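Trainee: Take this structure, written in structure tokens, and hold onto it; I'll ask about it next.
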Amino acid sequence: MKDSLPPAEGLVGCRRQNERMGNDQFMTAAVLRRHGGPDALEVRDDWPVPQAGPGQVLVRVSAAAMNNTDIWTREGAYGLPGLPEAKAGWRGPVDFPRVQGGDIAGTVSAVAADVAEAWTGRRVLVDPAFYADEREDADPVGLLGSEADGGFATYVAVEAARVHDMSTSPLSDEELASLPVAYGTAMGMLERARITGDETVLVTGASGGVGLALVQLAAARGARVVAMTSGSKAEALREAGAAATVSREATEFRRQLDAAAPDGLDAVADVAGGPWIERLMPALRDGARWVIAGAVAGPVVPLDLRRLYLHNLSLIGSSMHTRAHFAQLAELARTGALRPSIAARYHLNDIHAAQDEFRRGAHVGKIVITP
Ligand SMILES: NC(=O)c1ccc[n+]([C@@H]2O[C@H](COP(=O)([O-])OP(=O)(O)OC[C@H]3O[C@@H](n4cnc5c(N)ncnc54)[C@H](OP(=O)(O)O)[C@@H]3O)[C@@H](O)[C@H]2O)c1
25 MKDSLPPAEG LVGCRRQNER MGNDQFMTAA VLRRHGGPDA LEVRDDWPVP QAGPGQVLVR
85 VSAAAMNNTD IWTREGAYGL PGLPEAKAGW RGPVDFPRVQ GGDIAGTVSA VAADVAEAWT
145 GRRVLVDPAF YADEREDADP VGLLGSEADG GFATYVAVEA ARVHDMSTSP LSDEELASLP
205 VAYGTAMGML ERARITGDET VLVTGASGGV GLALVQLAAA RGARVVAMTS GSKAEALREA
265 GAAATVSREA TEFRRQLDAA APDGLDAVAD VAGGPWIERL MPALRDGARW VIAGAVAGPV
325 VPLDLRRLYL HNLSLIGSSM HTRAHFAQLA ELARTGALRP SIAARYHLND IHAAQDEFRR
385 GAHVGKIVIT P
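Here the sequence shown is numbered in the numbering used here, starting from 25 and rising by one per residue.
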């Protein structure tokens, strides 16, 4: 994207990809063959290096973080409208074989003939979203790693319009790779729900990728964050900026919540859904917003609509981010105003072990894959 890249001196002639890459034709990639268990995902070292097509750049991946969506897409766990049990990706059918991984940081190693040569050699963060149209606030309608090949590979070819220059960022490539999906989604939730300072916000799934990003970003805006978590993760969440924590396993959960938010909640930033909607809704103040981006605790819920309309509550669905949200995030990354925490690192060859650890859910922060 335009960002801080100096103006290009016009478009350059054809950049010969193989010159830049030492004639590599094959690379290592984690390839999803079909929806299914871990065996549906194969690590291959004979996968063709993609070519940068018109308007694209080739990025040599230095880090790619994991997200819940990688596992749900592998399993086909998203269902279809009217068919909740159908195997599908988040936007419907997935084209196999597919290289997953929407969180990509790396270096541009080649550019197409119609892309400014100044990008070559630059450290970049990749916006993984496909958008409905050209507007800055257009909705996302696709994701790298789901609707096109992503970053669980040595190289990925992406549109030049989606790379953000990170030459001056103090963040490591692993920290940068932790941002797009989790922090992008969190940014989208906070913006769509207009969460500002001076508000009390409950974050569910607070130790997870999106949840931890919500805690950090909401606290950075001055909001008072109450983090809902489990096990022994509370201290890590307070360090990340939560003013208070409540345990979702506590028998006296409601008493904990009332102590943490005696005046009620102005907003809930939710990735859990399931029974939490019924349990938490009575703690909302009149006029409060409930923004939801995930359903780890269950996708289909009973809802007493009277509580919604009698208290002027807003229920807001939130999918990923817009270009404008991502640009805000990229600026925070460039200035170092945001520092994601890395829970674990795995080599691409060990992606199955990385998914196992992700699934166990004992980690706080992002699990990063390096090719
Ligand atoms: N809409 C979007 O654009 C978008 C984008 C990214 C992700 N998502 C969705 O958001 C959700 C979270 O994604 P993620 O990558 O952050 O996942 P994650 O890293 O696995 O985090 C989920 C967290 O939820 C908590 N949790 C697990 N089971 C729970 C339960 N039964 N009740 C309440 N909390 C529970 C756990 O945290 P504690 O132990 O701390 O409670 C866990 O760490 C997923 O549903 C994912 O598909 C949506």
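Just so you know, even glycine gets a beta-carbon here, dropped at the ideal spot from N, CA and C.
Fair warning: this is a prediction, and the values are worked out from it, not measured in the lab.
Helix, strand or coil for residue 213, going by three-state DSSP, please let me know.
Mentor: Helix at residue 213.
Trainee: Between which two residues does the beta strand (DSSP E) containing residue 391 stretch?
Mentor: From DSSP, the beta strand (DSSP E) with residue 391 extends over 390 to 394.
Trainee: What does DSSP give as the partner residue(s) for residue 182 in the beta ladder?
Mentor: The partner list for residue 182 (beta bridge, DSSP) reads 81.
Trainee: By alpha-carbon positions, which one of 109, 254, 125, 320 ends up nearest to residue 170?
Mentor: Ranking the options by Cα distance to residue 170, first place goes to 125.
Trainee: Nearest to residue 189 by CA position, among 286, 325, 385, 353, is which residue?
Mentor: Of the listed residues, the one whose Cα sits closest to residue 189 is 353.
Trainee: Using only the alpha-carbon positions, how far apart do residue 220 and residue 70 sit?
Mentor: Cα-Cα distance, rounded: 49 Å.
Trainee: Give the straight-line distance between the Cα atoms of residue 357 and residue 204, rounded to the nearest whole angstrom.
Mentor: Going by the C-alpha atoms only, they are around 10 Å apart.
Trainee: Are the beta-carbon atoms of residue 251 and residue 79 separated by less than 8 Å?
Mentor: In this structure, residue 79 does not lie closer than 8 Å to residue 251 by Cβ.
Trainee: Indicate whether the contact test is met: 3 or more Cβ pairs, each with one atom in the stretch 171 to 179 and one in the stretch 335 to 349, closer than 8 Å.
Mentor: The stretch 171 to 179 is not in contact with the stretch 335 to 349.
Trainee: Is residue 177 near residue 395, with beta carbons less than 8 Å apart?
Mentor: Closer than 8 Å, so yes.
Trainee: Comparing C-alpha positions only, which one of 119, 341, 68 sits nearest to residue 313?
Mentor: For the residues 119, 341, 68, the minimum Cα distance to residue 313 belongs to 341.
Trainee: So with Cβ pairs under 8 Å, would you call residue 120 a contact of chain B?
Mentor: Absent from the structure: chain B. Only one protein chain is present.
Trainee: Do the stretch 59 to 74 and the stretch 209 to 228 touch if we need at least three Cβ pairs shorter than 8 Å?
Mentor: As far as the Cβ criterion goes, the stretch 59 to 74 does not touch the stretch 209 to 228, which means the pair count is below three.
Trainee: Going by alpha carbons, who is nearest to residue 101 out of 115, 128, 275?
Mentor: With distances taken between Cα atoms, residue 101 lies closest to 115.
Trainee: Using only the heavy atoms of ligand 1, determine whether one of them is closer than 7 Å to the beta carbon of residue 206.
Mentor: Yes, Cβ of residue 206 sits closer than 7 Å to a heavy atom of ligand 1.
Trainee: Just to check, is the beta-carbon of residue 272 closer than 7 Å to a non-hydrogen atom of ligand 1?
Mentor: Yes; taking the cut-off as 7 Å, the Cβ of residue 272 has a heavy atom of ligand 1 nearer than that.
Trainee: Please give me, in chain order, every unbroken run of the alpha helix (DSSP H) with length at least 4 that falls completely inside the stretch 236 to 264.
Mentor: For the stretch 236 to 264, whole alpha helix (DSSP H) runs of length 4 or above, ordered along the chain, are 258 to 264.
Trainee: Excluding the 5 residues flanking residue 274 on each side, which residues of the same chain have their C-beta closer than 8 Å to its C-beta?
Mentor: The residues are 280.
Trainee: Return helix, strand or coil for residue 146, following the three-state DSSP convention.
Mentor: Looking at residue 146 - three-state DSSP - the assignment turns out to be coil, as it is neither helix nor strand.
Trainee: Between the stretch 148 to 161 and the stretch 102 to 112, can you find at least three pairs of beta-carbon atoms closer than 8 Å?
Mentor: With a cut-off of 8 Å, the stretch 148 to 161 and the stretch 102 to 112 do not count as touching, because too few Cβ pairs lie within range.
Trainee: Please list, in chain order, all residues of the same chain as residue 326 whose beta carbon is under 7 Å from its beta carbon, the five residues on each side excluded.
Mentor: Counting only Cβ-Cβ distances below 7 Å, and skipping sequence neighbours, we find 302.
Trainee: Between residue 257 and ligand 1, is there a pair consisting of the residue's CB and a ligand heavy atom that are separated by less than 7 Å?
Mentor: Answer for residue 257: yes, Cβ within range of ligand 1.
Trainee: To the nearest whole angstrom, what separates the beta carbons of residue 225 and residue 296, a pair I think is in contact under 8 Å?
Mentor: Their Cβ separation, rounded to whole angstroms, is 14 Å, which puts residue 225 and residue 296 out of contact at 8 Å.
Trainee: What first and last residue would you give for the beta strand (DSSP E) that runs through residue 52?
Mentor: 50 to 56 is the span of the beta strand (DSSP E), which, as asked, contains residue 52.
Trainee: Looking at the strands, I want to know which residues DSSP matches up with residue 376.
Mentor: Note: residue 376 sits in no beta bridge, so no partner.
Trainee: Would the C-beta of residue 97 count as close to ligand 1, meaning under 7 Å from any of its heavy atoms?
Mentor: Not so, every heavy atom of ligand 1 lies at least 7 Å from the Cβ.
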